[in-house]
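Undergrad: Here it is, the structure in full.
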Amino acid sequence: MQNQCVFCKIIAGEIPSATIYEDEDFKVIMDISPAAKGHAILLPKKHFANLYEMDDTIASKVLIVARKVATAMKEELGCAGLNLVQNNGEVAGQTVFHFHMHLIPRNENDSVNVTWKQGSYA
Numbered sequence: 001m002q003n004q005c006v007f008c009k010i011i012a013g014e015i016p017s018a019t020i021y022e023d024e025d026f027k028v029i030m031d032i033s034p035a036a037k038g039h040a041i042l043l044p045k046k047h048f049a050n051l052y053e054m055d056d057t058i059a060s061k062v063l064i065v066a067r068k069v070a071t072a073m074k075e076e077l078g079c080a081g082l083n084l085v086q087n088n089g090e091v092a093g094q095t096v097f098h099f100h101m102h103l104i105p106r107n108e109n110d111s112v113n114v115t116w117k118q119g120s121y122a
């Protein structure tokens with residue numbers, strides 16, 4: 001655990017959270033500032049600042065857990081789609097330096113905007 005890491009404190013139970021999934025390696029919590037109803041955050045229990053630091057064992061399990069949670073979201077919320085958002089490094093928009101993945105349920109005409117200006121391949 002990193003002493004000042006908010007996600008490590010949540011995992012340790014020092015900060016309350018609404019947990020929707022937990023196993024020996026991961027905890028999935030509801031986002032306190034959701035982009036959409038049902039927005040959740042997948043956290044490995046072991047601290048890794050970003051994807052580059054993550055060991056192969058945990059990295060290989062991330063999408064399995066994301067799929068389980070996404071499937072439950074689709075069944076419970078009836079969402080039409082889902083965004084997985086994961087940023088690495090400050091320049092990429094990472095603000096909490098504990099690897100995490102956002103699971104954002106999507107519906108037609110919602111107000112969520114996860115887009116970028118398209119360039120061209122040259």
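Residue numbering for the sequence shown follows the numbering used here, starting at 1 and increasing by one per position.
Just so it is clear, CB atoms sit at the ideal spot from N, CA and C, and this is done for glycine as well.
For residue 50, which residues from the same chain have a beta carbon less than 6 Å from its beta carbon, with the 5 sequence-adjacent residues on both sides left out?
TA: Once the five neighbours on either side are set aside, the close Cβ partners of residue 50 are 88, 99.
Undergrad: Using DSSP with H/G/I as helix, E/B as strand and the rest coil, what is residue 30?
TA: Residue 30: strand per DSSP, three-state reduction.
Undergrad: Taking the alpha carbon of residue 46 as the reference point, which residue from 38, 24, 73 has its own alpha carbon closest?
TA: Nearest of 38, 24, 73 to residue 46, Cα basis: 24.
Undergrad: Can at least three beta-carbon pairs, one atom from the region 106-119 and one from the region 68-86, be found at a separation below 8 Å?
TA: With the cut-off at 8 Å, the region 106-119 and the region 68-86 touch.
Undergrad: Just to confirm the assignment: which complete alpha helix (DSSP H) runs, minimum length 4, are found wholly within the region 54-87?
TA: As far as the region 54-87 is concerned, its whole alpha helix (DSSP H) runs of at least 4 residues are 56-77.
Undergrad: If you draw a straight line from the alpha carbon of residue 141 to that of residue 90, how long is it in whole angstroms?
TA: This structure gives no information on residue 141, because the portion of the chain shown stretches from 1 to 122.
Undergrad: Going by alpha carbons, who is nearest to residue 37 out of 76, 62, 85?
TA: Ranking the options by Cα distance to residue 37, first place goes to 76.
Undergrad: Using the three-state DSSP reduction, which class does residue 24 fall into: helix, strand or coil?
TA: In the structure shown, residue 24 sits in coil (DSSP, three-state: anything other than H, G, I, E or B).
Undergrad: So what does DSSP say about residue 92, is it helix, strand or coil?
TA: Residue 92: helix per DSSP, three-state reduction.
Undergrad: When you compare only the Cα positions, how much space is there between residue 136 and residue 62?
TA: In this structure the chain extends from 1 to 122, so residue 136 is not present and cannot be described.
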